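Chemist: Heads up: the sequence shown begins at 1 in the UniProt record's numbering, then just goes up one per residue. Glycine included, C-beta positions come from ideal geometry on N, C-alpha and C. Model, not experiment: these values are computed from the prediction. Supplied in structure tokens, the structure appears directly below.
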Amino acid sequence: MNVVVVESPSKAKTINKYLGPGYKVLASFGHVRDLPAKDGSVRPDEDFEMSWEVDGASAKRMKDIADAVKSSDGLILATDPDREGEAISWHVLDLLKKKKVIGDKPVKRVVFNAITKKAVLDAMADPRDIDISLVDAYLARRALDYLVGFNLSPVLWRKLPGARSAGRVQSVALRLVCDREAEIERFVTEEYWNISALLKTPRGDEFEARLVSADGKRLQPKAVGNGEEANRLKALLDGASYVVESVEAKPVKRNPGPPFTTSTLQQAASSKLGFSASRTMQVAQKLYEGVDVGGETVGLITYMRTDGVQMAPEAIDAARRAIGSQFGTRYLPEKPRFYSTKAKNAQEAHEAIRPTDFNRTPDEVRRFLDGDMLKLYDLIWKRGIASQMASAEIERTTAEIAADNGGKKAGLRATGSVIRFDGFIAAYTDMKEDGEQADDGDESGRLPEINARENLAKQKINATQHFTEPPPRYSEATLIKKMEELGIGRPSTYAATISTLVDRDYVEIDKRKLMPQAKGRLVTAFLESFFTRYVEYDFTASLEEKLDQISAGELNWKDVLREFWKDFFSQIEDTKELRVTNVLDALNEELAPLVFPKREDGGDPRTCQVCGTGKLSLKLGKYGAFVGCSNYPECNYTRQLSSDSNGDAEAAVSNEPQSLGKDPHTGEEITLRSGRFGPYVQRGDGKDAKRASLPKGWTPATIDHEKALALLSLPRDIGKHPETGKMISTGIGRYGPFVLHDGTYANLESVEDVFSIGLNRAVSALADKQSKGAGGGRTAAAALKELGEHPDGGVMTVRDGRFGPYVNWGKVNATLPKGKDPQSVTVEEALALIAERAAKGGVSKGKAGNGKAARGRSSTAATKSTAAKAEKPKAAAKAKSKTAAKAKKG
1 MNVVVVESPS
11 KAKTINKYLG
21 PGYKVLASFG
31 HVRDLPAKDG
41 SVRPDEDFEM
51 SWEVDGASAK
61 RMKDIADAVK
71 SSDGLILATD
81 PDREGEAISW
91 HVLDLLKKKK
101 VIGDKPVKRV
111 VFNAITKKAV
121 LDAMADPRDI
131 DISLVDAYLA
141 RRALDYLVGF
151 NLSPVLWRKL
161 PGARSAGRVQ
171 SVALRLVCDR
181 EAEIERFVTE
191 EYWNISALLK
201 TPRGDEFEAR
211 LVSADGKRLQ
221 PKAVGNGEEA
231 NRLKALLDGA
241 SYVVESVEAK
251 PVKRNPGPPF
261 TTSTLQQAAS
271 SKLGFSASRT
281 MQVAQKLYEG
291 VDVGGETVGL
301 ITYMRTDGVQ
311 MAPEAIDAAR
321 RAIGSQFGTR
331 YLPEKPRFYS
341 TKAKNAQEAH
351 EAIRPTDFNR
361 TPDEVRRFLD
371 GDMLKLYDLI
381 WKRGIASQMA
391 SAEIERTTAE
401 IAADNGGKKA
411 GLRATGSVIR
421 FDGFIAAYTD
431 MKEDGEQADD
441 GDESGRLPEI
451 NARENLAKQK
461 INATQHFTEP
471 PPRYSEATLI
481 KKMEELGIGR
491 PSTYAATIST
501 LVDRDYVEID
511 KRKLMPQAKG
521 RLVTAFLESF
531 FTRYVEYDFT
541 ASLEEKLDQI
551 SAGELNWKDV
561 LREFWKDFFS
571 QIEDTKELRV
581 TNVLDALNEE
591 LAPLVFPKRE
601 DGGDPRTCQV
611 CGTGKLSLKL
621 GKYGAFVGCS
631 NYPECNYTRQ
641 LSSDSNGDAE
651 AAVSNEPQSL
661 GKDPHTGEEI
671 TLRSGRFGPY
681 VQRGDGKDAK
691 RASLPKGWTP
701 ATIDHEKALA
711 LLSLPRDIGK
721 HPETGKMIST
731 GIGRYGPFVL
741 HDGTYANLES
751 VEDVFSIGLN
761 RAVSALADKQ
771 SKGAGGGRTA
781 AAALKELGEH
791 PDGGVMTVRD
801 GRFGPYVNWG
811 KVNATLPKGK
821 DPQSVTVEEA
831 LALIAERAAK
841 GGVSKGKAGN
851 GKAARGRSST
861 AATKSTAAKA
871 EKPKAAAKAK
881 SKTAAKAKKG
């Protein structure tokens, strides 16, 4: 018997069926060890020696693999066909050698780009050794990421409180988002006018032509810049006669695009399906690993982490046969199409993403797939088949028209096109029931019959005002496209990089657009001021090129690390002498449009609006940056720093309380104030005063006596529940407006609902919440997604709870990171979250999964013991701090 190691359990089951009883296929569940998150894991002084750590779950899986290898005839490493997959095989083999279970058993590495029986059996028949060059490239990348993160992040913590981390690729991606925001802020809107004429042919057909020249000059786009000029040209056209000077029809061919890469798939899934990058990769993983199709488990697409655009020769032949049978010979080009990528630093060793069998049309597999899987498979199948189809043939017609108004001349142009032969476009349209292709036939831009030298009748002249718009913010898709163009990151890192930026609160996704948060802009400004080289696009791309050269065996990986570390370490050392005042001065300059926006009264944006003499500046506090006055403590004006602040006096509240009136019941003064966490209202004085933060969407400028009273009256009792007799109330919490009954929370759509919702609507909202399985008290939340069996037994699920989505395994509940799509959670991510939560002593692993209480208790006890030891120095430090504070005060 041979032991085969793959990455995922679902893949293991499928491949075991293909290979039969002579093989035992086991899953590593991704990486089996990693660099510990502590100093010294990579040691430059020891020629970049690296220490690796195996977590508890991985240790158990490696024991299972080692036990199986002991009694086997040989080991076959069949992890994914990329750099990470090669590294996982290397880690597994290294651990097995240390366990001394390999001996003289043969060890082979196999790779397959698709999980089909043929692909797997062909790979097994053509094994190779582990590619050490690929492993070296992985080690170099891992070391670089560690050295940047674990040396640059502490600098941020010391010099920029509130910042959480920096990273080799992460920080450059963040810079892209922040640079675009700065570009939007600098943008100056300009007015322009479009002028067109609605004309009629002698046959009564109407069409529109746009103005392209006047006064003997060609008009560039947006050349008409004001209403006065627009009205002059409109008057010229209003009194003109029109004649067709020429009509030209040109045949144009439109060629299909290449099959999908990781980047283009994520972009297409975002624009056409509304999928996030992580959701796209999660669904693609399922399609790749295998789906039960008519009793047979088969992978439907090839490997989904690739930047290659070419299909394998046998796949091209299969696509051409499918085109001939499904669309007809006219849709088949004379020769196969071949593609090459334009992306910087692309590695084209891997095949593009394509269907494993072009005869499995989306309609044929529809009943075997869930909604998301079908949508993504449909996208991949159509793009793959279209890439080998004939060009679309389009006829593009251009009519040049002369306007004459008493010798004042102007030129107009009308264009239109019609598809004469749809070609590859047919792949993107629905098939008729009889098998004939429905005509896409978009002739909306087609011109009517127009003949040269004939006169035209004027129907109407239109002059429309427009304004230029700033460049759009990046979406996940467009950011990935830009990163690929610049050569930053790799297919396996795009989704993870964006998730990290969201998790760190550096970026927020709002209506699918990436909005840099104040914290993210501060980090970027700091790095651009003091670590310019390491957030330069070209520098990051050149490092990726060197990693590719290591993969190809052209560079020594430690030489690359030595070259990088020499300059990087020197710059880190230089920052030790950097004073916080230097940092603030640089940030005040770099972030001036964000921190000190122009004032409506034209005054100096940096002059304090409260005392009138102080200078506003960034200040650094325990919870991050804020804006404060230089006359502190005489003037205690502060303002939160936020990416959506307009900086005017109404958007900021001074620490001087602003009276809003008195409470009619208590007679206490109600004031509007500003704190470190934002504006709030307060009734009375002292530590027992009632306070309420302004909810999202409410600004200080809109707060009056009535709104303040409403906020301070919360929670608001609505009435008793008709079934339980217990009170229903509303309020505003950490996660927004809610209705509460007997421990059950149900979200409300808006803050206004908190003050207006009646008993009937509240009961309905609570009933809806309970019907979804997220009831209050001890009622378990309904599973949003099942992830399969935990290695220690028991089912893992993703659920939606009172405080957001979480992963559940037995009694362990692990909250998902902020912004994480519940449907995109992978088995590997779930295992890591569960292990982290269990390690914090919430629930013992044994009790949670399969009842092994003794092991669970010892694990938890060890965790608590470690935590207790860690707390002692913290408690001592805290006591010492309090003593010092008292002494200073005395």
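(1) Can you tell me which of the three DSSP states Lys687 falls into?
(2) Can you tell me which of the three DSSP states Phe275 falls into?
(3) Leaving out five residues before and five after Gly661 in sequence, what residues of the same chain have Cβ atoms less than 7 Å from its Cβ?
(4) From which residue to which residue does the alpha helix (DSSP H) around Gly719 run?
(5) Just to confirm the assignment, what range does the alpha helix (DSSP H) spanning Leu77 have?
(6) What is the C-beta distance between Val583 and Phe531, in whole angstroms, given that I count them as a contact (C-beta under 8 Å)?
(7) Three-state secondary structure (DSSP) at Tyr745?
(8) Leaving out five residues on either side along the sequence, give the residues of the same chain with a beta carbon under 7 Å from the beta carbon of Asp821.
(9) Hey, how far is the Cα of Thr261 from the Cα of Ser171?
(10) Do Leu712 and Arg673 have their C-beta atoms within less than 9 Å of each other?
(11) With H, G and I counted as helix, E and B as strand and the rest as coil, what does DSSP make of Ala390?
(12) Val6 and Leu26 - do their beta-carbons sit closer together than 9 Å?
(13) Under 8 Å, with one C-beta from each stretch per pair, do the stretch 285 to 295 and the stretch 92 to 104 reach the 3-pair mark?
(14) I'd like the ranges of any beta strand (DSSP E) spanning at least 3 consecutive residues and lying wholly in the stretch 195 to 262.
(15) With 16 as the cutoff for other CB atoms within 10 Å, does His790 come out buried or exposed?
(16) Find the nearest neighbour of Pro65 within the set Ala495, Leu93, Val42, Lys707, judged by alpha-carbon distance.
(17) Buried or exposed: Glu563, going by 16 or more other Cβ atoms within 10 Å of its Cβ?
(18) Can you tell me the Cα-Cα spacing of Thr201 and Asn451, whole angstroms?
(19) Taking the C-alpha atoms as reference points, what is the distance between Asn16 and Glu296?
(20) Checking 9 Å against the spacing of the C-beta atoms, do Tyr146 and Leu35 come in under that value?
(21) Which first and last residues belong to the beta strand (DSSP E) in which Gln640 is found?
(22) If Pro81 sits next to His466, beta carbons under 8 Å apart, how far is it from one beta carbon to the other, in whole angstroms?
(23) May I ask you to report which of helix, strand or coil DSSP gives Gly520?
(24) Which residue or residues does DSSP assign as beta-bridge partners of Phe738?
(25) Along the chain, where does the beta strand (DSSP E) that runs through Asn813 open and close?
(26) Does the beta-carbon of Lys769 have 16 or more other beta-carbons within 10 angstroms, so that it is buried, or is it exposed?
(27) Taking the CB atoms as reference points, tell me whether Ile353 and Ile380 lie closer together than 9 Å.
(28) Taking DSSP's pairing of strands, which residues face Phe626 in a bridge?
(29) Roughly how many whole angstroms lie between the Cα atoms of Ala830 and Ala87?
(30) Using 8 Å as the cut-off, can you tell me whether the stretch 401 to 410 makes contact with the stretch 236 to 246, which would need three or more C-beta pairs spanning the two stretches below that distance?
(31) Check this for me: beta carbons of Trp193 and Ala410, under 9 Å apart or not?
(32) To test your reading of the DSSP string, which unbroken beta strand (DSSP E) runs of 3 or more residues are found completely within the UniProt domain "Toprim" (1 to 111)?
(33) How is the beta strand (DSSP E) around Asp800 delimited, first residue to last?
(34) Express the C-alpha separation of Lys687 and Gly725 in angstroms, rounding to a whole number.
(35) Rounded to whole angstroms, what's the CA-CA distance from Leu447 to Pro362? Just pull it up for me.
(36) Can you check whether the CB of Val69 is closer than 9 Å to the CB of Val3?
Modeler: Looking at the coordinates:
(1) When DSSP states are grouped into helix, strand and coil, Lys687 belongs to the coil group.
(2) DSSP places Phe275 in the coil class of the three-state scheme, outside both helix and strand.
(3) So the list reads Ile670, His705, once near-sequence residues are dropped.
(4) Run containing Gly719: none in the alpha helix (DSSP H); it sits in the beta strand (DSSP E), 716 to 720.
(5) Here Leu77 belongs to no alpha helix (DSSP H); instead the beta strand (DSSP E) covers 74 to 77.
(6) In fact, because the Cβ distance is near 12 Å, the residues do not count as touching under 8 Å.
(7) DSSP, reduced to helix, strand and coil, places Tyr745 within a strand of the structure shown.
(8) So the qualifying residues of the chain are Ser276, Ser278, Arg279.
(9) A direct Cα-to-Cα measurement between Thr261 and Ser171 gives close to 24 Å.
(10) No, the Cβ-Cβ distance between Leu712 and Arg673 is not below 9 Å.
(11) If DSSP states are grouped into helix, strand and coil, Ala390 belongs with coil.
(12) Cβ atoms of Leu26 and Val6: closer than 9 Å.
(13) Here the stretch 285 to 295 does not lie against the stretch 92 to 104, with fewer than 3 beta-carbon pairs under 8 Å apart.
(14) With a minimum length of 3 residues, the continuous beta strand (DSSP E) runs that stay inside the stretch 195 to 262 are 206 to 214, 241 to 254.
(15) Buried, by the Cβ-count rule.
(16) In the sequence as displayed, the identity of residue 65 is Ile instead of Pro. Looking at Ala495, Leu93, Val42, Lys707, the one whose alpha-carbon comes closest to that of Ile65 is Leu93.
(17) Counting Cβ neighbours within 10 Å, Glu563 comes out exposed, since fewer than 16 surround it.
(18) Distance between the alpha carbons of Thr201 and Asn451: 9 Å.
(19) Going by C-alpha positions, Asn16 is about 12 Å away from Glu296.
(20) Closer than 9 Å, so yes.
(21) For Gln640, the uninterrupted beta strand (DSSP E) run begins and ends at 638 to 640, by DSSP.
(22) That belief does not hold up - the Cβ atoms of Pro81 and His466 are roughly 50 Å apart, past 8 Å.
(23) Gly520 carries a helical assignment under DSSP once its states are collapsed to helix, strand and coil.
(24) Phe738 is bridged to Gly731, Asn747.
(25) For Asn813, the enclosing beta strand (DSSP E) stretches over residues 812 to 815.
(26) Here Lys769 is buried: its Cβ has 16 or more other Cβ atoms, across all protein chains shown, within 10 Å.
(27) The answer is yes: Cβ separation under 9 Å.
(28) Beta-bridge pairing links Phe626 to Lys619, Gln640.
(29) If you draw a straight line from the Cα of Ala830 to the Cα of Ala87, it is about 21 Å long.
(30) Yes, the stretch 401 to 410 is in contact with the stretch 236 to 246.
(31) No, these two residues do not count as a Cβ contact at 9 Å.
(32) Counting only runs of 3 or more, we get 2 to 6, 23 to 27, 74 to 77, 107 to 109.
(33) Segment 795 to 801, the beta strand (DSSP E) holding Asp800.
(34) Answer to the nearest angstrom: the Cα atoms are 35 Å apart.
(35) One C-alpha to the other measures close to 36 Å.
(36) One thing to note: Val3 has its Cβ within 9 Å of the Cβ of Val69.
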